[in-house]
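A quick write-up on the structure given underneath.
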Amino acid sequence: MKNGVVITGYGCLTASGGDAAATWEAILAGESGIQEVETWDSAGWPYRLAGEIKDYSPRDLISDRKLLKFITRQDVIGLNAVAQAVSHSGIIEYRDGLVDPTSFNDRTGVFVGSPATKYRYQHDYLAPLANAAGDSREFGVRAVEEVHPMWLLRTLPNNVLAYVGIQYGFKGANANVTAHGVSGSQAIAEACRYLKDGAIERAIVVGYDSASEIEALPYYASLGLLSSRGLRPFDRSRDGTVLGEGAGALVLETRDAAKRRGAKICGEVLGSSVVAEAAGVLSIREDGDGVSRAIRLALEDSGMHPDEIGMISAHGNGGKISDASEARAFSEIFGASSIPVTGFKWSLGHTIAASGTIESVLALLCLAEGRVPGIANLEELSPECRGVNVSATQQTPRSSAGIVVSRGFAGLNSCIVLSSHA
Amino acid sequence: MVTPLGNDVKSTWEAILSGESGVREIAGFDASGFPTRIAAEVKDLRAEEFVEDRKSLKYVTPFSLFALAAAEEAVRDAGVRPTAATAERWGLVSGSGMMTMEFDFLQRFQREFAVDGQIDLARLGAEGARFISSSEFARHRAVAGQALLHKRYDIRGYSANLHTACASGGQALGLAMRVVRSGQADFVLAGGYDTMINPIGLAGFCLLGAISTDNDRPGSASRPFDLTRNGFVLGEGAGFMILEDWQRARDRGAKIYAEIAGEGNSLSSYRITDSPPSGDGPMQAIRSALEDAGETVDSIDYLNAHGTSTPMNDLSETNAIKAVFGDRANDLAVSSTKSQMGHLIAAAGAVEGIICALAIQHSIAPMTANLRTPDPACDLDYVSQGCRPMQIDAALSNSFGFGGSNSCLVFRSPQRAENRGC
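Order-wise, the sequence lines are chains A and B.
Position 288 of the first sequence, counting from 1, maps to 288 under my numbering, and the rest follow consecutively.
To get my numbering, take the position in the second sequence, counting from 1, and add 1000.
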């Protein structure tokens, strides 16, 4: 196959584990990283569950400590996942052996699923606002005196993209996707596009987010989107999602480029899709229209038939309508074929912009190891999700290919088709 | 398009020809306390004129209004819009701005939850969910504008929302071109929209020292390539175009402005705010764009520069052009329309792409206004003596962003496209 896209490295950092192996083990063991928030005092908060990174220590997560002045927590998390994936792939050792690395660097792209901006970034202006006491002129004077000069640069939505470039010297095609819950999957999809177009030979892909920020909890809760009891995908008792933080990264290469450097190939990205439901900012279509079209288009892109798919990594965010509509789409496309379906958000929380890349890493592990972990907190399948083969216990994939479904605000849906076949 | 020079294509183009400046003292809010008190604001754009669905108004922010207005002009001009039969074959690709939270909201938040400048956590936990409305929450999403455009036109196919700071609009057009090329969509509504002209955006740029403080002479504050240039001028607005396959456009008898013929996309990997003086980074983008379009340095007539009027950008860009064009560099007409309309940040590349198409259509190269004191280090032909009538068969548009992302696009005249057997 011409310019097929292979996976030669991956990594992730989640509430459930500090790397891909630890996250995978935790999920297999039925462990959840969701707990009461610890990064601020949430005593008395009605919605206080989150999938936060445990023992967060920025100085241990990135090698260039000078950077910490210029980036925020979510950027640190993103760069850590990239470092894991890059190290796993061995591309730096290969490059350092080249007589002239110019072409290698020019043909290495960076594709990022970014959470865009955050409420917390604006908190630096609360003090000048309070001190100005409603005087708009005074606010201008104080803002420029009191806020850190690097404020704007610290809050750029493309910081991870920029610093991946600066740290490693990669100079190829790039994109920074800010598309809520599909950002991470779409970063994979756009990397594949540029790889297949021949614009680059390899790409670093990363999705990162620190979605469980201080203002997000009450605001998501105000819309009825959060659960105070836990994220229970496809369960009868599900009542919302739980926000989390994390990052997932992949190194993708054209098959030719990977072979040329004798890379160990972990799997392949066979196809991808992104579609919109056009239902508004927050609404989703109950019939699962966007999910089913995303799956169909991704299968078409990969030249695969539904029967060839061996497992599904569902979006499964624990939302009433989201899970039900997703289940309808699975039934519509895969019928009664009982392909094993799982999801990972019950353990990691919903990491929004990171979820597509984290879940692609975990789906690849499912396929490679021939194990589809159960949704450990599943008690009773929701009648609205009937026909979907989810289980509280481990299942076996039917083939070496699987799909990863991601969904986001603006009615966005994405599907990635992966294979563990080397 | 919606720009500081006019609220549609015709008025913007006429203002470009007449040499007008869109830069004034800031009128949208009290900027009297800031070191910079000038900007290029959009004038007199009324939401009611562009949003027929009154219910949608509560989801509209200033910058999504720019997007809706510019998109409506593009769709009307193209004479084609999605129908039930074609909706899934329409895509949307846009570059959108980073400041999605509203200043009014932050002020209310401060008065409610941070009276002394510190957040009262107990109060936020208890009252936060009641504080925000669902439409406010929706407006703050980075995908809000994307969702509004999808819904308004019932675009149900491919979707992308990108943010690489000042390169966003250019990268969006480049990606949209690839989406049409690959057959992923038959039509793509593609563009960019942004405003950072609000107290927080202005404070951010003032803190960095990146914007001109020539408050007493707003009309000449933006003077790209001038020896005395001292920073850019914030602009705002939106630009959208309809992209479709050449043959399809011909078959339906569409009015074809230009062919978007190539994209170069690179990463400078140098510093967050600048490309290196050598032009490394931007030069890879220009070279790949030419290669992608099958053009050479000999065939390019006009280059719409990123030309921000910051000391380093204009030097780096000039050197990138020299490095790529060699002896041909002095034959090339190069101009920066930011000299008149300021820097539209995430919208800049999209608006300037449209300007390239207009330059081709009208056989006129726009000028670089305010270039009175030549910089010995910036010695190209910047069209500083007024707009220049000339035949333009092929044009380039550069956009370089904070974070190091670079975009270069190639536009061809319909005649040249035909002659090349497009």
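Backbone N, C-alpha and C define an ideal beta-carbon position, used for all residues, glycine too.
Would you say glycine 356 of chain A and glycine 113 of chain A are within 8 Å of each other, going by their C-beta atoms? yes
ask   = How about phenylalanine 170 of chain A: is its C-beta nearer than 8 Å to some C-beta of chain B?
value = yes
field: Residues bridged to threonine 351 of chain A (per DSSP)
entry: Paired residue(s): none; threonine 351 of chain A is not in a bridge.
| field | Buried versus exposed call for histidine 148 of chain A [16 or more other C-beta atoms within 10 Å across all chains shown] | value | exposed
Worksheet entry | In DSSP terms, what methionine 1241 of chain B is bridged to | B:Ala1190
Contact check, alanine 189 of chain A vs serine 391 of chain A under 8 Å by CB: the rounded distance?
Going by Cβ atoms, the distance from alanine 189 of chain A to serine 391 of chain A rounds to 29 Å, so no, they are not a contact pair.
If I measure Cβ to Cβ from leucine 1243 of chain B and keep anything under 6 Å in the same chain, skipping five residues before and after, which residues do I get? Ala1176, Val1180, Val1188 and Ala1190
**Study point:** Where the segment 37 to 54 of chain A meets chain B: residues whose CB sits under 9 Å from a CB there
**Key:** Trp40, Asp41, Ser42, Ala43, Gly44, Trp45, Pro46, Tyr47 and Arg48
Q) Which partner residues of valine 1093 of chain B appear in the DSSP bridge assignment? A) B:Ala1160 and B:Ala1190
Checklist entry - How about valine 1383 of chain B and alanine 1333 of chain B: do their beta carbons lie closer than 8 Å? => result yes
Among B:Arg1152, B:Ser1299 and B:Glu1259, the one whose alpha carbon lies nearest that of glutamate 277 of chain A: B:Arg1152
Could one say the Cβ of proline 373 of chain A lies closer than 8 Å to chain B's Cβ atoms, at least one of them?
-> no
Rounded C-alpha distance that separates arginine 1141 of chain B from glycine 97 of chain A
45 Å
Q) If you follow the alpha helix (DSSP H) that threonine 1012 of chain B is part of, which residue opens it and which one closes it? A) 1009 to 1018
| task | Would you give the residue range spanned by the alpha helix (DSSP H) that aspartate 323 of chain A belongs to? | result | 320 to 334
With DSSP collapsed to three states, give me the class of aspartate 1216 of chain B. coil
inquiry  = So, for glutamate 359 of chain A: in the same chain, excluding its five sequence neighbours on each side, which residues have a beta-carbon less than 6 Å away from its beta-carbon?
reply    = Ser313, Phe344 and Val404
Beta carbon of glutamate 145 of chain A nearer than 8 Å to that of arginine 202 of chain A: no
Legend entry - Interface flag, serine 355 of chain A vs chain B, CB-CB below 8 Å: no
(Q) Suppose the cutoff is 6 Å on Cβ atoms and the five residues either side in sequence are ignored; what does the same chain contact list for glutamate 1073 of chain B look like? (A) Asp1008
Which residues in chain B have a C-beta closer than 8 Å to the C-beta of asparagine 131 of chain A? List them in chain order.
Gly1117
>> Relative to the C-alpha of aspartate 1053 of chain B, which candidate in B:Leu1148, B:Gly1079, B:Phe1034 and B:Cys1356 has its C-alpha closest?
In response: B:Leu1148
Q: Using a Cβ cut-off of 7 Å, pull out every chain B residue sitting near phenylalanine 139 of chain A, in sequence order please.
A: Gly1033 and Pro1199
Check threonine 1296 of chain B in the structure and name its three-state DSSP category.
coil
Handout entry: Neighbourhood of methionine 1 of chain A by C-beta, 6 Å cutoff - its chain only, sequence neighbours within 5 removed
Key = Any reading at methionine 1 of chain A must be qualified, since the residue scores a pLDDT of 45, below 50, and its modelled position is unreliable; no value is offered.
Discussion item. For a contact defined as C-beta to C-beta under 9 Å, what are the partners of asparagine 1313 of chain B on chain A?
Written reply: Result: empty, since nearest Cβ-Cβ is about 15 Å, beyond 9 Å.
- Message: Alpha carbons only, please: which of B:Gly1307, B:Asn1313 and B:Leu1017 is nearest the one belonging to proline 1277 of chain B?
- Response: B:Asn1313
Between the alpha carbons of threonine 1373 of chain B and aspartate 1379 of chain B, how many angstroms are there, rounded?
11 Å
Sequence-distant residues of the same chain with beta carbon closer than 6 Å to leucine 1017 of chain B, five excluded per side: Cys1387
Q: Check each candidate in A:Ala133, A:Arg120 and A:Val206 and name the one with the smallest Cα separation from alanine 162 of chain A.
A: A:Val206
Checklist line | Amino acids of chain B, ordered along the chain, whose beta-carbon sits closer than 7 Å to that of proline 157 of chain A | finding: Met1098 and His1163
query: Whose C-alpha, out of A:Ala279, A:Ser227, A:Leu299 and A:Ile309, is nearest the C-alpha of leucine 367 of chain A?
result: A:Ile309
Exercise for review: Indicate whether glycine 1294 of chain B and glycine 1022 of chain B have their beta-carbon atoms separated by less than 8 Å.
Suggested key: no
**chain A contact for phenylalanine 1063 of chain B (CB, 8 Å cutoff)** = no
Here's the rule I'm using: 16 or more other beta-carbon atoms within 10 Å means buried, otherwise exposed. How should isoleucine 1272 of chain B be labelled?
buried
Taking the continuous alpha helix (DSSP H) assigned at leucine 1124 of chain B, which residues delimit it?
1121 to 1131
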